[in-house]
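In structure tokens, the structure reads:
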């Protein structure tokens, strides 16, 4: 087998460019040979900056290229499941940004195609690769906190996304909490059976007018009896607040925010330190590189990626259950969703 | 008016002795003249240690003493409402340990007697007087976090109480969460409209056999749209975990645990620091003194105590609503309870 | 032997009142029977507040009282050695505030009198009883940091004392660094052989005009080869900065400041927490009680106090050596002082 | 003017490879065209990995190449001044690892050549580009701590270098403290007038046999009256300890260590968190990129690098003064060195 794989990136938006940069600069085992975007100028510009040989408007040009081993799907969410299906049929290994889709049938068709073709699929739940959350997971997995009893997640964005995005994103439970639903499974190492969601529009009335919420709190009941709580806000004026905590029979692990510097300033008014890293690109820089490194390694070494298609599907189920719970004002079992 | 008030303590158990000690040593404006306990030896021993002139087995001896201005009711919970009524009728100002009672009718009768007699009543929600929680409340009250959006409380005991206690305590929502229900009102400065409670027996099956839970998570919906979450465990192996956090439109305030020392030890295995103060007597030493100081000051200066009878009643309503929610597996409005 | 000792306090200034209060309220084994101050009104006022039976202008009235077992000397520094001598001759056990004196001959005469009479003597280096410094000492004593290599102390007052005080205090090395010299011996568990001191007047020129310094840095060389560094400032605008750190072959222990509350406030401008406890009365409240408790226990149980007369003498030698070093701009051995 | 510069790296050891990697991957404005090392296989291997067109054994091949604009000198210290001279004569802009040399005459000849040729020279004091130290510097420069009074630096390596290295490194004051001497100038924004150094061999007797120290403490007196203290150890079992603190008339800024993760683990034994990042490559990753980015930007935009030849010279003077002070057991003025 070769010691480098040829990969194409589909989508040259913010996240597509990020993955392209990581592939070009940080992962010597990857050979980034093509990028595609419906806005071909975006693909071309990225190709020029990173020295990518080919830039297309149609991603099918990548799928049709026999020399390409794998693709990273970074296009808009509504195209993910379709491209997964086609890429699987074309025999390309697939890294796909989350979420796969908001529609479970489409997800299942995509995952079916992957299974049939036997290609590898890794879903882009990057936070699993963050050193702090990973450390928390390790402590739980090693039994250092004993039996996990309670999960707490606080996850707040520094500022809301554009209302236009919110209208097509599936709403807060599918565009934002979905990361925390994944984290809730990852750090606890167990499955959630039931969710109860409450929410409000406290940040910006236009979010409510778009049919969404900006402040939510989801309660989780795990199959093994453990309990969990997630709170989200679309706006924390002090920056990107990303905390996870697992409490168990033998201890507790809590992940604190990361900061750009460790200078502590004391004056007559108090003791002051830096705000959290402002947003996900800064906060999860290392995680984005690590997840792509794992994907490339899995392809090269023929291993199953640790973030599977099922890992991509379940948080969507949880998001749909949360919406149902919110609307019906009652706890909802995941088994009600499918 | 006099510059010192004569006070009697009713109940010479752990909390009664604590208040007696604080009255004797830390509050010069109080003159501790009597203590009563059904186990008269307990009252006598405490009287001897602290130099209290009188020790009785029957608290009525205190109520009958015209020279006594006020009482601190520290007897078992089931006697509180009865003693409040009698003390009110005897014209004594009343400090009463929480909870007033588990029965709302009895609470209402007691509060009615207080209202009729015009004596002062302060409920012993000591945590309101803790410097850290007080600071959080001040920041919220001053608008420093803007409009409050989300409350988070983690409150865990170092070890479960005896099962015998649990059988008569009203269960976790009434013996433990009740403090957090009070805190949820205090720091947010708003009223809760609806609760949703889940729980489990993860610490000790005997707690479940006694009809109680040892691990719970309560979701709160405030009248003004804010959201809240409280988690409790009856056993945190690392000690007494007491954290409160309020997130709002302009910031966040989080109260961290207090520790017995600030030594930070680094060796080849990691960076290590002290566990939280072990339990409530250590953690809330200052708060117990401060609440009693306020009570005495209110009597002396004819002011209304900041923790009123209604403040004692509402957390009981919340506790009863939490039990109903847990049992019926649905959100319950406080208005359903009464 | 009795289970309570009768004690008199000599000096009713700030520190005398503090010890009197602790003896009256926090140490049941002590019976505070008299207080004396050259300003008799100060003694009388304190006696009235704390219910002390006798108040005198002349401390000899305490020494002459056969029923009194022990004295706490809290008068002005220039009277300490004389009163120690007289108290020793009168057979009273002695707690004496630091420093014993600035004159080694007078110290030696006082210590000689103590030795001859066989009374107990404890010097008031209260910081040794602070839980954080004590924890640091324990970790060092238990070998948890291995062989101690480097000591670091930062000790800064919130504001300078009155210039009038500075003129008679012996200057910064004897009125302020003296505490750190004691800490340097205590936490390291070893003796200093040589000091090198530099200093400046950076806070207030009037301090320089009074012949003193307000900012100093002292380098220590221990007999066993370890190194140490102490920095002092008479004015830290952010409050009382009291940090000690010991680094060794197997680890490091660092004592951080103590704060009045643990609330952490985040807003758009940063993350903010409380300033250190403002000054020594707040910072060392527990330490003052603990040291007096030890003194009383030593008298009752006939044990040698852990802070001896020699422990009182050596920091004075170090202070004199520091002044000599500063003036001669060279390292000075303690053996040069005597 | 061009928008990219051609650069060659001289030296393919650990630090040379690091700079080569940063130039190849993180600085699009740099075109890394050649690498040289006396061990040509090292140069070749690095060239192969990073796709560098040319690999030489003789650095003169780089200096002779007209298409090359700049060089990064990462060879052994004893070759620095010679290569600087030659590179300056060849008209190449120069980034040079610290120290320039241990011999002031050789430094001065090199700096003279640079001045004469007019090329740019930046010395590799990477810590100046660390976000935390930079933040400290900014706070001082903005006057946020007022007038700086006291500097404190603790700088400890996780493990000693090989004794072979120590024999040629110039000893601890020139191979290790030199970074702290630079930091002492950088964060304070002022010049040191006098140093006093003490030291010991406490870590490994072989270090002493090689004529060096492994534990040192240097006291600084600044020209403006400020004071400073630096402590170094060649071995901290808990990892790379890198702290800097500046105290001033209006506040204090302290830089804490950086850690690989922010997970906080509490169990029955204590509260535990991660050790500092293990060593300089991890700790200063961002700083190494930032310093090289500045160098490239200075060349491209014709600006003077912020870390000048004089900034490279003064810490060598300080290191020599520290050795003199240690040997003569007295404070030494920098003016005594030259």
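Protein chains in written order, with the numbering used here: chain S, 32 to 369; chain A, 32 to 369; chain F, 32 to 369; chain C, 32 to 369.
All C-beta atoms in this analysis are idealised placements derived from N, C-alpha and C, irrespective of residue type, glycine included.
query: Rounded to a whole number of angstroms, what is the C-alpha to C-alpha distance between residue 369 (chain F) and residue 206 (chain F)?; result: 19 Å
query: Does the separation of the CB atoms of residue 93 (chain S) and residue 115 (chain S) fall below 8 Å?; result: no
query: Less than 8 Å between the CB atoms is what I'm expecting for residue 297 (chain A) and residue 282 (chain F), so what's the real figure, rounded?; result: 5 Å
query: Mapping DSSP to helix, strand and coil, what is residue 350 (chain C)?; result: helix
query: Under a CB-based cut-off of 8 Å, is residue 303 (chain S) close to chain F?; result: yes
query: Do you know how far the Cα of residue 143 (chain C) is from the Cα of residue 262 (chain F)?; result: 40 Å
query: Taking residue 290 (chain F) as part of the alpha helix (DSSP H), name the residues at either end of that continuous run.; result: Element bounds for residue 290 (chain F): n/a, residue is neither H nor E.
query: Using only the alpha-carbon positions, how far apart do residue 223 (chain C) and residue 362 (chain F) sit?; result: 19 Å
query: What residues of chain C sit near residue 268 (chain F), judged by a beta carbon separation below 7 Å?; result: 281 and 282
query: List, in order along the chain, the chain F residues whose C-beta lies closer than 8 Å to that of residue 106 (chain S)?; result: What residue 106 (chain S) touches in chain F: nothing, since even the nearest Cβ is about 34 Å away.
query: Residue 280 (chain C) bridges to which residues according to DSSP?; result: Bridge partners of residue 280 (chain C): none, in fact.
query: Can you give me the start and stop residues for the beta strand (DSSP E) that residue 375 (chain F) sits inside?; result: What is shown of chain F runs 32 to 369, which leaves residue 375 (chain F) out entirely.
query: If you reduce the DSSP assignment to three classes, tell me which class residue 343 (chain S) lands in.; result: helix
query: If you pair each beta-carbon of the region 161-179 of chain A with each one of the region 275-294 of chain A, do three or more pairs fall below 8 Å?; result: yes
query: Kindly indicate which three-state DSSP category residue 260 (chain S) falls into: helix, strand or coil?; result: strand
query: CB residue 164 (chain S) to CB residue 346 (chain S), shorter than 8 Å?; result: no
query: Please determine if the region 321-333 of chain S and the region 36-53 of chain S are in contact, where contact requires at least 3 C-beta pairs separated by less than 8 Å.; result: yes
query: With H, G and I counted as helix, E and B as strand and the rest as coil, what does DSSP make of residue 358 (chain F)?; result: helix
query: Anything in chain C within Cβ reach of residue 112 (chain S), meaning under 9 Å, just list it in chain order.; result: Chain C residues near residue 112 (chain S): none, gap ~34 Å exceeds 9 Å.
query: Helix, strand or coil for residue 204 (chain C)? Go by DSSP, reduced to three states.; result: helix
query: On the DSSP letters alone, give me the boundaries of the beta strand (DSSP E) that residue 126 (chain C) sits inside.; result: 124-127
query: What runs of the alpha helix (DSSP H), each 4 residues or longer, lie entirely inside the region 35-74 of chain S?; result: 45-56
query: Using a Cβ-Cβ cut-off of less than 7 Å, give me the residues of the region 219-230 of chain S that come near chain A, in sequence order.; result: 227 and 229
query: So residue 228 (chain S) packs on residue 356 (chain S), CB below 8 Å; how close in whole Å?; result: 4 Å
query: Alpha carbon to alpha carbon, how far is residue 186 (chain C) from residue 230 (chain C)? Give it in angstroms, no decimals.; result: 14 Å
query: Does the separation of the CB atoms of residue 71 (chain A) and residue 88 (chain A) fall below 8 Å?; result: yes
query: Who are the near neighbours of residue 119 (chain A) in its chain, counting only those whose CB is closer than 6 Å to its CB and skipping five residues on each side?; result: 144, 145, 148 and 150
query: So if DSSP puts residue 364 (chain S) in a beta bridge, which residue, or which two residues, is it bridged to?; result: S:225
query: Helix, strand or coil: how does DSSP classify residue 239 (chain S) here?; result: helix
query: Does the distance from the CB of residue 241 (chain S) to the CB of residue 197 (chain S) come in under 8 Å?; result: yes
query: Determine whether the Cβ of residue 293 (chain A) lies closer than 8 Å to any Cβ atom of chain C.; result: no
query: Does the beta-carbon of residue 334 (chain C) have 16 or more other beta-carbons within 10 angstroms, so that it is buried, or is it exposed?; result: exposed
query: For residue 175 (chain A), return the contacting residues in chain F, with the cut-off set at a CB-CB distance below 8 Å.; result: 296 and 298
query: Check the Cβ of residue 56 (chain C) against every Cβ in chain S and list those closer than 9 Å, keeping chain order.; result: 55, 56 and 57
query: In or out: residue 217 (chain F) buried (at least 16 other Cβ within 10 Å) or exposed?; result: buried
query: Would DSSP call residue 133 (chain F) helix, strand or coil?; result: coil
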